[in-house]
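Here's the structure, in structure tokens; my notes come after.
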Amino acid sequence: MNSEVRRILEAVRSGGLDVDDALLKLKEKPFEDIGYAKVDLHRKVRQGAAEVIYGAGKTAEQITGIVTAMKNGGQDTILITRLSPEAAAQVGQTHALDYHPDARAGVVGELPPADGLGTIVIATGGTSDIPIAEEAALTAQILGNHVTRLYDVGVAGLHRTLAHLDEIMTASVIVAIAGMEGALASVIGGLADCPVIAVPTSVGYGASFQGLSALLSMLNSCASGVSVVNIDNGFGAGYLASMINHMEGKR
-10 MNSEVRRILE AVRSGGLDVD DALLKLKEKP FEDIGYAKVD LHRKVRQGAA EVIYGAGKTA
50 EQITGIVTAM KNGGQDTILI TRLSPEAAAQ VGQTHALDYH PDARAGVVGE LPPADGLGTI
110 VIATGGTSDI PIAEEAALTA QILGNHVTRL YDVGVAGLHR TLAHLDEIMT ASVIVAIAGM
170 EGALASVIGG LADCPVIAVP TSVGYGASFQ GLSALLSMLN SCASGVSVVN IDNGFGAGYL
230 ASMINHMEGK R
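For the sequence shown, this note's numbering gives the first residue as -10, with consecutive numbering after it.
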């Protein structure tokens, strides 16, 4: 069940919130129209995770206005992905922003405590894949997950992967991030007993076609339990990993 709705219902049951106030919380307007954006204020109620701002293509003024609307709507922690250092500096003049240059992302508010079922492992084939990995890791942390980073463990030196078997074998979800031929996802998928989310990156020489080669390799993986997100989509991988790590039994 959606965690935000559950909190409201639990508050009603415990007497901390009366029925009318609970109805008001559930019926509050679902979005705020600020002209250049319609800010989704109900996403956390519907999906369990609040809206995230995609910073690329937006001006710093637009990002600042969206953050203001989200904070006014009760969102405590806000993630801004693909945020340039220049835009981050401007947004930081209005809001307390923690900028993560490796992830190219900014966070307004505090990271929540981890409440997922287990650990999400973020593994990269090489150091060049770290920006995408950090986007995935930061996304997962903002959504309330414990994250373990395994960087530069690619198949060009397979012993580096095998040196982390304990982390791989005990993970709840693994995000395997690689460019070039994208073989890391298949190797990890053949070792782990948990879902593996493969992220192709645009790292590589000409015939890698800006990540297309890795994408096709990952889509054709012979390892069972491997799913694939779009090229360089660290956010999508971190979000999906969090959903898996927060799954509850349903009858």
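Here a beta-carbon is modelled for each residue, glycine too, at the ideal position from N, C-alpha and C.
On a predicted model such as this, the values are computed, not experimentally measured, just so you know.
Neighbourhood of residue i by C-beta, 6 Å cutoff - its chain only, sequence neighbours within 5 removed
i: Ala129; result: Ile109, Val136, Gly227, Ala230 and Ser231
i: Val80; result: Ala49, Ile52, Thr53 and Leu86
i: Ile23; result: Gly54 and Ala58
i: Tyr88; result: Ala77 and Gly95
i: Pro184; result: Val162, Gly214 and Ile233
i: Pro101; result: Gly133
Segment limits, alpha helix (DSSP H) that includes residue i
i: Pro184; result: No alpha helix (DSSP H) contains Pro184, which DSSP labels as neither H nor E.
i: Lys60; result: Ala49 to Asn61
i: Ser216; result: It is not in any alpha helix (DSSP H) - Ser216 instead sits in the beta strand (DSSP E) that spans Val215 to Val217.
i: Ala129; result: Ile119 to Ile131
i: Thr150; result: Leu147 to Leu151
i: Leu173; result: Leu173 to Gly178
Local Cβ density within 10 Å of residue i, reported as buried at 16 or more and exposed below that
i: Thr48; result: exposed
i: Glu124; result: buried
i: Thr116; result: exposed
i: Ser213; result: exposed
i: Val8; result: exposed
i: Gly44; result: buried
i: Ala112; result: buried
i: Pro120; result: buried
i: Ala122; result: buried
i: Asp118; result: buried
i: Arg2; result: exposed
i: Leu13; result: exposed
Proximity of residue i and residue j at Cβ, strictly below 7 Å
i: Ala181; j: Ile157; result: yes
i: Ala174; j: Val215; result: yes
i: Ala92; j: Leu127; result: yes
i: Leu204; j: Ile220; result: yes
i: Val217; j: Val176; result: no
i: Ala39; j: Gly114; result: no
i: Glu170; j: Ser206; result: yes
i: Thr190; j: Gly178; result: no
i: Gly4; j: Leu30; result: no
Neighbourhood of residue i by C-beta, 7 Å cutoff - its chain only, sequence neighbours within 5 removed
i: Asn234; result: Gly105, Leu106, Gly107, Ile109, Asn134, Ser161 and Val162
i: Cys211; result: Ser175
i: Asn222; result: Val188
8 Å CB neighbourhood of residue i in its chain, flanking five on each side removed
i: Arg(-5); result: none
i: Ala103; result: Gln130, Gly133, Asn134 and His135
i: Arg149; result: Asp141, Val142 and Gly143
i: Ala0; result: Leu6 and Ala11
i: Phe241; result: For the chain, the structure presents residues -10 to 240; residue 241 sits outside this window and is missing.
i: Leu208; result: Val217
Bounding residues of the beta strand (DSSP E) (the contiguous stretch that carries residue i)
i: Asp87; result: Leu86 to His89
i: Ala94; result: Ala94 to Val97
i: Leu109; result: Per the sequence shown, residue 109 should be read as Ile rather than Leu. Run containing Ile109: Thr108 to Thr113, per the beta strand (DSSP E) assignment.
i: Arg300; result: A query on residue 300 cannot be resolved here, the shown segment of the chain reaching from -10 to 240 and no further.
i: Val163; result: The sequence shown places Ile at residue 163, not Val. Val162 to Ala167 is the span of the beta strand (DSSP E), which, as asked, contains Ile163.
i: Asp23; result: Before going further, note that residue 23 is Ile rather than Asp in the sequence given. Counting along the chain, Ile23 falls outside any beta strand (DSSP E), and DSSP gives it neither H nor E.
- [ ] Count the C-beta pairs between the segment 88 to 102 and the segment 61 to 70 that are closer than 8 Å, then say yes if the count reaches three, no if not.
- [x] yes
Open item on the list: When you compare the segment 195 to 202 with the segment 151 to 166, are there three or more beta-carbon pairs, one atom per stretch, that lie closer than 8 Å?
Closed with: no
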